[in-house]
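Enquirer:
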Amino acid sequence: MESKKHFDFLASFALMILGAYVIIAGYDIYRDAGELFYVSPGFFPITLGILLLFCSLLLLVSSLKDGGLKSRSVELRLWWNTSVRSRNTLITLGGVLIMAVYTFLLLRLLPFWLASLIFLAAIMLYLRSTKTLRIIIISALTMGAIVVFFQVGFGIPLP
Amino acid sequence: MALQYLMEAVSSVTMPLNLLVLVLATLAGLIMGMLPGLSATMAIALLTGLSYGFPKDAALISLIGVYVGSISGGCQSAILLNIPGTPASAATALDGFPLANRGDGGLAIFMATTASSLGTLISVVCVLTLTPLLSSFALEFISWEFFLLAVFGTMICGSLTSNGNVLKGWMAGLLGLIVSQIGMDSVNTYPRFSYGNVNLMSGIQLIPVMIGLFGFPEIIQAFTQLESKVLKLSPFRIRDGFSRIGKNIVAIVRSSFIGVGVGIIPGVGEDVGGWLSYWASKSASKDPDSFGKGNETGIVSAEAGNNACIGGAIIPVMSLAVPGSAPAAVLLAAFLMHGYRPGPLLLVESPQFVYQIGIYLMFAAVAMWLIAMGISRFTVKILGVNKKILMPIIYVLCVIGAFLINHNMFDVRIMFVFGLIGFLLRKIDFPSAPFLLGVILGPMADSNLRRALIISDGSLAPMFARPICIVFLIVIAFMILSQAGLFKALKKLGRKG
């Protein structure tokens, strides 16, 4: 099995920062709420933040076994170099970007059926799922079926 | 009274519309379960949003149908592709694929589907008998017990789904608990981590989180997946199939009870149920070496075990409001959405509910068997569907599912964000199930701990004076100490001494 200690190393840092943030934000809540500590809405987040920080430290320690800091930084650099050049990474990033544009932009600007039609056609073209004409037909039929099934059939409002 | 509730449930499920809903939902579940990448959790999460406008009975029937169908459907791709359609069928692939390679794919699917159906039926008996027992036991719970139950649930789920590194499982649970703190606090109605955003003040909705965590990573993964070769289905004699099922009936019954037991443990789920049942049958076998090489007992054990988990996982949902598996967690959210209040008081407020679920499960098991047998000749075609066409369509359905809970586009964006989180968690080997359980159990843990502390003036002492709490504390301490290597150190000391 592929060793993922470099990911653990990276994750432990990110989660330590998150843990520290939760503790600080929890303390702010405690101070603003002005209640006794164990009644305060900040009590549970602070407890969780401390636990996350502690667990992240344990993860960091375990990730440094077998080779230490030097090995992890070498592994991370290697992973970065291979990932950046990997075709799969680029395909994935492009796909996620199209999904993000659909979710955050198209759905806000256009009617649902049109936004979804554009999204389906765009992502299938990007992934080269099948021939262009087929993609257009599949996208149109899918959106037609969704609108008929939900809106006409069950009266369910779509986005 | 129980008989009356059972009869009412039977008459409800046999209404033409509800029967149609059951057939369609089970069929949809089977197809989603068959297709690698579409998990049972995703199927139920998707349907939860889509069933929002359905009448209550039809919604419950559709959810149970899709649950049973999707867990069972996974066996078909496990057998014909050597890729489990859902994680629950991973153990089935070990013996199913070699059997299909030998030209007995049809027989393997028949045995797996029949065992799945029998496993679900046996679990129905447990649902009907154990839920009232567990509910009456849970009536003894006060705030301390509920707090410890939430902690125990998140920890055991983290331990059992962590794939070797328990610390990561617990950390995933902690992350879920932290996410659950977003929004208005239930004790002091103080907004936490909402940054003045009205949508965040009302908290993070469960369904968009679930769809994101479990659906999104599968969609992204399909972008770069190569299509797999599907083995052809071979004909077989039904009588031969039944006689082999008869020969393996002990393994099926044993696996079903193991499945129910695993299902009851919070957050653990159908995949562990399948593996444990498989392992138990292998251990009990006179010829353990034949396992992994096309042993029929291996197939039926894994399938009976994973499907019996469905009933097992629903038991704590109804009696404790704690889900036994990730799909059951979605089911819990769906029950809440449709106006039921799972927990110790469910049997007081809606006594018919347990019987309804039992009967719906039973009908779903039978429907699943009939439909699976009917569509088995098309299985090869279904498994050949191009994922690069299917997954974008699934994403549009995910958007609809996330939107329909509150008719709010904010939930769609939340689904996307948690989808990315789910993808990252998977990349770094953090299990998603404890994360989800943390999100579900967080409010219960927080509010009950603080309520208990308010009553005791900030003292933890009352917790140590309650027998159920002591049991929980011992189990939690055992989990932590076993991970800290204390027992290994003691063993070493013992050897030296």
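Heads up: the sequence lines are chains A and B, in that order. Using my numbering, read the first sequence as starting at 1409 and increasing by one per residue. Using my numbering, read the second sequence as starting at 55 and increasing by one per residue. No residue lacks a Cβ here, since even glycine has one placed at the ideal position from N, Cα and C. All figures in this text were calculated on a predicted structure; none of them were measured in a lab.
Output, in chain order, the set of chain A residues within a Cβ distance shorter than 7 angstroms of B/Arg467.
Expert: Neighbours of B/Arg467 on chain A, chain order: Thr1511, Phe1512.
Enquirer: Would you please verify whether the beta carbon of A/Met1424 is less than 8 angstroms from any beta carbon of chain B?
Expert: Output row for A/Met1424: interface = no.
Enquirer: Which runs of the alpha helix (DSSP H), 4 residues or longer, sit entirely within the segment 199-240 of chain B?
Expert: Fully enclosed alpha helix (DSSP H) runs of 4 or longer: 220-233.
Enquirer: What residues from the segment 231-252 of chain B come within 8 angstroms of chain A, judged by C-beta to C-beta, listed N to C?
Expert: Answer set for the segment 231-252 of chain B: Leu231, Ile232, Gln235, Asp239, Val241, Asn242, Tyr244, Arg246, Phe247.
Enquirer: Give a yes or no on whether the C-beta atoms belonging to A/Ile1531 and A/Ile1506 are separated by under 8 angstroms.
Expert: Their beta carbons are under 8 angstroms apart, which means A/Ile1531 touches A/Ile1506 by this criterion.
Enquirer: With a CB to CB cut of under 7 angstroms and the five nearest residues on each side skipped, what residues in its chain are close to B/Phe200?
Expert: So the qualifying residues of the chain are Met498, Asn502.
Enquirer: Could you check if B/Phe489 is buried or exposed, using at least 16 other CB atoms within 10 Å of its CB as the buried criterion?
Expert: By the 10 Å Cβ count, B/Phe489 comes out buried.
Enquirer: Residues bridged to B/Pro245 by DSSP?
Expert: B/Pro245 pairs with B/Met238.
Enquirer: Closer than 8 angstroms, CB to CB, is A/Ile1431 near chain B or not?
Expert: No, because no Cβ of chain B sits closer than 8 angstroms to the Cβ of A/Ile1431.
Enquirer: At 7 angstroms on the CB atoms, spell out the chain B contacts of A/Ile1546, in chain order.
Expert: In chain order: Ile443.
Enquirer: Starting from B/Gln130, follow the alpha helix (DSSP H) in both directions and report where the run begins and ends.
Expert: Element bounds for B/Gln130: 110-135.
Enquirer: Enumerate in chain order the residues of its own chain whose CB-to-CB distance from A/Met1409 is below 7 angstroms, with the five nearest sequence positions on each side excluded.
Expert: Bear in mind that a pLDDT of 46 at A/Met1409, under 50, signals an unreliable position, so the model cannot answer this.
Enquirer: Label B/Ile98 either buried or exposed according to how many other C-beta atoms from any shown protein chain fall within 10 Å of its C-beta, with 16 as the threshold for buried.
Expert: Looking at its Cβ environment, which holds 16 or more other Cβ atoms inside 10 Å, B/Ile98 is buried.
Enquirer: By a C-beta neighbour count over all protein chains shown, 10 Å radius and 16 as the cutoff for buried, is B/Phe195 buried or exposed?
Expert: With 16 or more other Cβ atoms within 10 Å, it is buried.
Enquirer: Mind pulling the chain A residues with CB within less than 8 angstroms of B/Thr185?
Expert: Chain A residues near B/Thr185: none, gap ~30 angstroms exceeds 8 angstroms.
Enquirer: Could you say which of B/Leu57, B/Asp111, B/Gly107, B/Met55 lies nearest to B/Met69 if we only look at CA atoms?
Expert: Ranking B/Leu57, B/Asp111, B/Gly107, B/Met55 by Cα distance to B/Met69 puts B/Asp111 first.
Enquirer: Residue ranges of each alpha helix (DSSP H) run of no fewer than 4 residues wholly in the segment 1487-1561 of chain A, ordered along the chain?
Expert: Qualifying alpha helix (DSSP H) stretches, in chain order: 1495-1509, 1520-1535, 1540-1554.
Enquirer: Rounding to the nearest angstrom, what Cα-Cα distance links B/Ser234 and A/Ile1543 in this structure?
Expert: Taking the straight line from one Cα to the other gives about 40 angstroms.
Enquirer: Using a Cβ-Cβ distance cut-off of 8 angstroms, determine whether B/Asn440 contacts chain A.
Expert: Cβ-Cβ to chain A under 8 angstroms: yes for B/Asn440.
Enquirer: Give me the Cβ distance between B/Arg504 and A/Val1430, rounded to the nearest whole Å; I'm assuming they're in contact under 8 angstroms.
Expert: Not confirmed; about 17 angstroms, so no contact.
Enquirer: Quick check on A/His1414: does DSSP put it in helix, strand or coil?
Expert: Helix, per DSSP.
Enquirer: Would you list, in chain order, the members of the segment 1432-1460 of chain A that have their beta-carbon closer than 9 angstroms to a beta-carbon of chain B?
Expert: Listed by position along the chain: Ala1433, Gly1434, Ile1437, Asp1440, Ala1441, Glu1443, Leu1444, Phe1445, Tyr1446, Val1447, Ser1448, Pro1449, Gly1450, Phe1451, Phe1452, Pro1453, Thr1455, Leu1456, Gly1457, Leu1459, Leu1460.
Enquirer: Does DSSP put A/Tyr1446 in a helix, a strand or coil?
Expert: Residue state, collapsed to three classes: coil.
Enquirer: Alpha carbon to alpha carbon, how far is A/Lys1539 from B/Lys340? Give it in angstroms, no decimals.
Expert: Roughly 54 angstroms between the two C-alpha positions.
Enquirer: Output the distance between the C-alpha atoms of B/Val402 and A/Met1424, rounded to the nearest integer angstrom.
Expert: Their backbone Cα atoms lie some 45 angstroms apart in a straight line.
Enquirer: Identify the contact partners of A/Val1482 in chain B, using a Cβ-Cβ distance below 8 angstroms as the criterion.
Expert: Going along chain B, no residue has its Cβ under 8 angstroms from A/Val1482, so there is no contact; the nearest lies around 18 angstroms.
Enquirer: Distance, Cα to Cα, B/Val525 vs B/Leu202?
Expert: Whole-angstrom Cα-Cα distance: 10 angstroms.
Enquirer: Quick check: what's the CA-CA separation for B/Arg431 versus B/Arg298?
Expert: Rounded to the nearest angstrom, the two C-alpha atoms are 21 angstroms apart.
Enquirer: Using only alpha-carbon positions, find the residue among B/Asn155, B/Ala356, B/Thr351 that is nearest to B/Gly128.
Expert: When only C-alpha atoms are compared, the closest one is B/Ala356.
Enquirer: Measuring straight from C-alpha to C-alpha, what distance separates A/Leu1468 and A/Gly1476?
Expert: Going by the C-alpha atoms only, they are around 10 angstroms apart.
Enquirer: Taking 8 angstroms as the CB-CB limit, is B/Met225 close to chain A?
Expert: Output row for B/Met225: interface = yes.
Enquirer: So that I know if they touch, is there some Cβ in chain B lying closer than 8 angstroms to that of A/Val1492?
Expert: It does not; no Cβ of chain B falls within 8 angstroms.
Enquirer: So that I know if they touch, is there some Cβ in chain E lying closer than 8 angstroms to that of B/Phe470?
Expert: Annotation note: the requested chain E is absent from the structure, which comprises protein chains A and B.
Enquirer: Please name the residues in the segment 394-408 of chain B whose beta-carbon is closer than 7 angstroms to at least one beta-carbon of chain A, in chain order.
Expert: Listed by position, the residues of the segment 394-408 of chain B near chain A (Cβ gap below 7 angstroms) amount to none.
Enquirer: Any beta carbon of chain A sitting closer than 8 angstroms to that of B/Ile49?
Expert: There is simply no residue 49 of chain B to check, as chain B begins at 55 and stops at 551 in what is shown.
Enquirer: Please classify B/Ile509: is it buried, with 16 or more other beta-carbons within 10 angstroms of its beta-carbon, or exposed?
Expert: With fewer than 16 Cβ atoms within 10 Å of its Cβ, B/Ile509 is classed as exposed.
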